[in-house]
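Residue numbers (this note's numbering), protein chains in the order written: chain E, 522 to 856; chain R, 13 to 989.
What follows is a short report on a single structure.
Structure (structure tokens):
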């Protein structure tokens with residue numbers, strides 16, 4: 522899920538600074554609608570000095586559209602380094618996997634009716650010919666991986682976007698529903714000891730996230746790719762025109778004198794090598810690089826119903842599967 | 013009919029030009045597409061009395077339906093412009109009017125001045141077509157003009173107003189054809205014109221265009237315009253058998269159709285004499301192919317206009333045949349059709365008008381036929397010989413192989429790479445009790461992303477004074493120019509800062525990781541210092557130890573490098589550097605790359621790079637080709653191939669003046685930025701240089717004279733290298749202070765002589781007098797910055813000044829970096845004297861001070877300039893006073909004279925000295941030259957140095973000339989707005 526970028530709005534930024542700096546241990550007091558006074562030490566003070574020495578400052582938040590030079594140490598403005606530093610200070614380093622358990626939607630959660638459960642299964646897996654639970658559904662937890670990913674697309678220019686990606690584990694299905702609803706979910710704090718959390722798998726999760734980001738950025742990439750392709754074609758045409766003409770000039774020159782003909786082959790070879798080099802240079806220059814930067818990883822466990830199922834599917838041998846029915850999504854997830 | 017005679021009086025009667033011209037010289041200029049008329053006294057062509065030009069008109073005139081020629085007297089305003097149409101009668105009438113309104117002449121000389129060889133006409137040489145008596149000459153001219161107009165008509169495309177439009181390229185091509193015909197050769201351009209076979213198929217409702225190659229008549233391209241439903245046309249094109257994607261297009265009106273046809277005619281230039289047409293009638297079925305006939309266009313009618321009309325008629329026929337409305341309209345009588353069909357009525361009216369016009373023309377032609385016949389008889393002999401020559405030319409043409417461009421590979425798809433860093437995880441055990449932390453981090457990430465701005469993000473990290481034009485330049489380089497630019501600001505406007513801003517921005521945004529700055533050896537350290545001081549960018553340099561020993565490590569492992577071009581050129585270094593992919597490559601003083609055959613150009617050309625900045629204040633010094641080489645390095649293909657560029661833009665007589673300035677400006681504007689002092693608003697206060705000459709005691713003067721003689725004799729016994737080394741050191745030390753001289757003598761190879769000189773030298777009295785001259789300067793407002801070359805001089809001077817009670821501050825190479833700024837601040841607060849050596853000046857911005865003393869004089873003017881640049885820079889509010897201390901009668905005094913009088917060193921903008929001195933005196937060469945002249949002068953130092961002064965004056969004047977040229981060439985056209 523792509524999150525919309527925030528417009529520069531001093532009021533909202535003041536709130537963020539207050540909250541963020543407080544989280545880093547600084548003392549903040551709002552002295553005016555667009556100012557906060559800060560006394561910082563340690564992690565918070567590193568925004569201003571590398572040593573984290575005590576730092577007191579009154580920060581002023583420039584109004585939107587203010588032009589002219591800004592004082593970077595005590596002023597917040599669009600593109601100012603303090604905002605970057607504060608956001609980076611709040612980012613856990615090294616990246617930590619945090620865990621959270623979501624509470625059930627209601628107090629009297631019940632297992633789905635067998636007929637309903639079967640119908641939903643068949644919707645998801647239409648090739649199923651026979652579906653039969655071998656045991657009653659039991660309460661369990663289904664785990665997903667939620668990541669905050671800053672995406673950087675480097676083409677001729679640079680595009681940044683932020684994505685909240687939810688992947689159902691272990692398969693890695695993109696669960697946009699969870700990503701959307703996470704902000705509204707209630708957290709369960711008691712009775713979480715028995716949850717079987719998946720073992721961290723940096724390589725596998727990295728691959729899943731990279732794949733998910735490719736899908737997530739498909740729309741953005743279409744425009745970027747079209748622009749970049751047009752530019753590349755233009756540049757290559759220019760290079761080709763130039764070398765076509767240059768080679769023709771060489772050939773015409775060779776027509777005039779017999780001595781020149783001797784050199785023609787060499788010169789043409791050099792020109793062709795140069796053309797190939799310049800073409801390669803242009804292709805490399807127009808590469809689109811997608812660089813996902815993972816900021817936060819969260820393992821989410823949510824209430825589900827575990828079932829052991831006997832399933833027959835077309836053209837496949839009969840199998841016994843363990844699956845979770847996730848009431849929030851009204852979906853089956855293979856365990 | 014033609015424009016009647018002008019109402020203004022003949023130019024010969026206006027008194028604007030002399031009326032005693034005895035000849036008119038008419039020159040066909042194929043490279044410009046113009047005919048130039050020069051009226052002059054016989055043999056005085058160099059100073060013509062009156063000049064005129066006949067050029068293709070840019071649009072339709074009031075009196076002519078088709079494109080016309082325009083004649084104009086120069087300078088504009090001598091008389092109203094006159095025009096002619098595309099037919100012969102009109103051209104002759106124009107010639108008659110010109111003849112009547114200009115001074116009578118006895119001879120009409122007609123010739124060709126071509127830029128490239130054209131048969132017997134050699135490039136750049138005026139070749140005579142003939143000298144004629146007035147009557148015959150003007151008639152002959154009329155024929156040439158009529159021919160020119162007809163060829164133009166055959167090349168013209170349909171313009172916006174429905175009239176044929178002529179581009180400059182077409183005009184050049186047409187006049188080349190005309191001149192070629194007169195010279196008896198078929199010009200190369202004409203050979204390249206294609207034939208066209210047009211099939212108008214009323215049965216299938218399509219128009220088939222088949223372009224035929226000029227030589228073998230084979231099919232080069234086939235285009236089909238096929239009428240489809242709802243008045244749409246489907247356009248299909250196949251070139252050399254390769255089909256392009258068909259395009260559907262609404263025929264709409266005549267205009268839209270012509271726009272669609274124009275690219276085809278532009279792409280396949282066609283000889284109008286070789287257009288044939290086949291009319292295939294409706295229902296003809298398999299009756300066999302219809303006859304192929306020449307395109308039936310009326311005299312003066314555009315071939316392409318005829319074709320466009322035919323295609324439109326075809327669309328109408330489709331509508332009439334296949335749509336209910338069309339069928340209904342077809343049933344209506346003609347009056348009803350007229351009422352309903354504006355398009356058809358317009359076409360009919362147009363056709364009728366065309367017919368009337370053709371009739372009128374035919375009448376005129378008939379009236380003049382008799383006259384033409386007699387004229388033709390007179391020139392029959394000439395024509396016969398011309399035809400013989402043409403035949404020879406055709407045979408030659410056939411011998412030249414036509415180079416067909418190889419088939420082009422299609423553009424490859426844009427590569428897309430996903431680069432995700434491996435996840436390095438730290439596990440946690442206890443589940444969170446809420447999502448507040450996650451939400452806060454998400455907001456932080458969102459603000460991080462939202463804080464990305466289109467402005468320069470690096471500005472808060474740079475220690476520079478923010479100047480709008482520099483910021484604009486950086487944004488333009490990063491935006492529209494996409495990171496490849498030629499920065500050609502005038503000297504002193506901060507090209508280094510602009511390049512630094514671009515570099516810092518790319519690094520800040522993570523768009524670049526590795527950078528390489530290439531500059532002259534003498535500027536390597538200065539660049540590294542600027543990058544560090546102003547942009548907090550650490551870079552290693554080729555001046556640092558280890559470069560020679562471990563070149564692999566140096567080039568491959570350092571992300572930021574400032575290197576000298578000279579080092580890069582060395583094969584061992586270049587072999588490694590060309591294997592590294594440089595994200596940003598900056599070439600300072602890029603005018604050293606002006607020669608494409610030079611090692612420097614070749615070396616820079618092979619370096620793989622993504623972003624490239626070329627910095628030079630003087631992109632053109634001798635010829636526009638230098639500019640061409642720079643732009644080609646930046647973006648090959650931005651300018652045409654070398655020969656074409658020379659032909660189109662360079663006048664061989666004036667290689668610095670562009671021939672098509674507007675077009676060249678347009679092309680350069682896509683790669684070049686040039687800010688000028690006028691647009692930047694940068695104006696520094698003036699400088700005042702003063703020479704303080706002090707006379708030594710008589711005994712001391714005598715000692716120096718003797719010492720120089722002995723010293724010269726001693727040096728003669730040394731090797732050349734030793735001689736130069738010791739000579740320069742001791743002579744400069746002698747000009748600095750007794751302490752420095754004595755310290756230098758300590759290690760002199762001839763110890764006995766050194767001891768004897770030390771013992772004999774009576775120097776102290778003069779030294780104290782020299783120091784005392786400084787005291788008034790230190791008491792002035794903001795104190796004085798005093799530069800010395802030698803540490804011993806600095807120490808002795810500091811001791812003297814402190815003894816005299818002046819506040820004295822010392823910075824030299826041994827002063828720790830963190831201590832330097834506080835010392836500078838203290839000097840700023842208290843005034844007095846700040847004593848600096850060369851290494852102590854690094855990173856010092858001293859624009860708060862306005863007095864500078866050169867206590868001794870380095871022999872390298874670049875070093876003196878650097879001293880001045882510490883004070884005379886942006887932020888300086890007051891005139892800067894420069895005091896140069898020299899001893900009378902010494903080498904230093906003569907050198908200062910030369911630097912001041914011949915080089916104008918103290919008036920040059922900071923940064924300009926290097927440009928004046930150029931490659932000849934780029935590094936140590938200047939000092940070497942001074943020493944060489946001193947050594948060879950045998951005591952006549954003044955004369956020896958004076959000769960050098962003349963050389964410097966010449967260099968200075970050359971630089972002024974180049975500066976003036978660049979200012980004229982580029983004017984205000986390339987500002988970063």
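Even for Gly, the Cβ is constructed at its ideal location relative to N, Cα and C.
Taking C-beta separations shorter than 7 Å and ignoring five residues to either side along the sequence, the partners of residue 668 of chain E in its chain run 686, 730, 815, 817 and 818, following chain order.
Counting along the chain, the unbroken alpha helix (DSSP H) around residue 734 of chain E starts and ends at 723-737. The continuous stretches of alpha helix (DSSP H) do not include residue 791 of chain R, and DSSP gives it neither H nor E. Between the region 186-200 of chain R and the region 282-296 of chain R there are fewer than three inter-stretch CB-CB distances shorter than 8 Å, so the stretches are not counted as touching.
Judged by pairs of C-beta atoms under 8 Å, the region 519-533 of chain R does not touch the region 437-447 of chain R, as fewer than three such pairs exist. Taking 8 Å as the cut-off, the beta carbon of residue 762 of chain E is found no closer than this to the beta carbon of residue 495 of chain R.
It is roughly 17 Å from the alpha-carbon of residue 513 of chain R to the alpha-carbon of residue 464 of chain R.
Take the alpha-carbon of residue 34 of chain R and the one of residue 654 of chain R: they are about 42 Å apart. Excluding residues up to 5 positions away in sequence, 514 and 517 lie with their Cβ nearer than 7 Å to the Cβ of residue 490 of chain R in the same chain. Residue-level contact by beta carbon holds for residue 472 of chain R and chain E, with a gap shorter than 8 Å. Comparing C-alpha distances from residue 659 of chain E to each of E/696, E/631 and E/710 shows the shortest one belongs to E/631. The beta carbons of residue 805 of chain R and residue 868 of chain R sit closer together than 8 Å.
Considering only beta carbons, the part of the region 707-718 of chain E lying closer than 7 Å to chain R consists of 708, 710 and 713, in chain order.
Residues of chain R whose Cβ lies closer than 7 Å to the Cβ of residue 806 of chain E are, in chain order, 622. According to the DSSP assignment, residue 810 of chain E belongs to the beta strand (DSSP E) that extends over 809-834. Distance from the CA of residue 907 of chain R to the CA of residue 641 of chain R, rounded to the nearest whole angstrom, comes to 37 Å. Excluding sequence positions up to five before and after residue 690 of chain E, its CB lies within less than 7 Å of the CB of 664, 665, 666 and 719, all in the same chain and listed in chain order. Between residue 481 of chain R and the set R/510, R/456 and R/468, the nearest pair of CA atoms involves R/510. The continuous beta strand (DSSP E) containing residue 142 of chain R extends over residues 138-144. If you compare the alpha carbons of R/744, R/899 and R/677 with that of residue 778 of chain R, the shortest gap goes to R/899.
Under a 10 Å Cβ-count criterion, residue 575 of chain E is classified as exposed, with fewer than 16 other Cβ atoms of the shown protein chains found around its own Cβ. Proximity of residue 465 of chain R to chain E, defined by a Cβ-Cβ separation below 8 Å, is satisfied. With contacts defined as CB atoms closer than 8 Å, residue 747 of chain R and residue 863 of chain R fail to qualify as a contacting pair. Burial of residue 470 of chain R is indicated by the presence of at least 16 other C-beta atoms within 10 angstroms of its C-beta. Only those residues of the region 421-438 of chain R whose C-beta falls short of 8 Å from the nearest C-beta of chain E are listed: 423, 424, 425, 426, 427, 428, 429, 430, 431, 432, 433, 434, 435, 436, 437 and 438. Taking a Cβ-Cβ threshold of 8 Å, the residues of chain E close to residue 656 of chain R are 766 and 770, in chain order. By the Cβ rule, the region 591-604 of chain R counts as touching the region 625-641 of chain R, because three or more pairs are nearer than 8 Å.
Interface criterion met: the Cβ of residue 440 of chain R is under 8 Å from a Cβ in chain E. Below 8 Å, enough C-beta pairs join the region 548-558 of chain R and the region 571-582 of chain R to call them touching: three or more. Taking a C-beta distance under 8 Å as the contact criterion, residue 642 of chain E and residue 853 of chain E qualify as a contact pair.
The residue from R/185, R/848 and R/845 with its alpha-carbon nearest to that of residue 126 of chain R is R/185. With distances taken between CA atoms, residue 828 of chain E lies nearest to E/654 out of E/620, E/583, E/787 and E/654.
In chain order, 821 place their CB closer than 8 Å to the CB of residue 838 of chain R, counting only its own chain and leaving out the 5 sequence neighbours on each side. Here residue 974 of chain R is near residue 633 of chain R, since their CB atoms are less than 8 Å apart. In this structure residue 620 of chain E is not in contact with residue 596 of chain E, their Cβ atoms being roughly 39 Å apart against a cut-off of 8 Å.
The residue among R/252, R/36 and R/723 with its C-alpha nearest the C-alpha of residue 767 of chain R is R/723.
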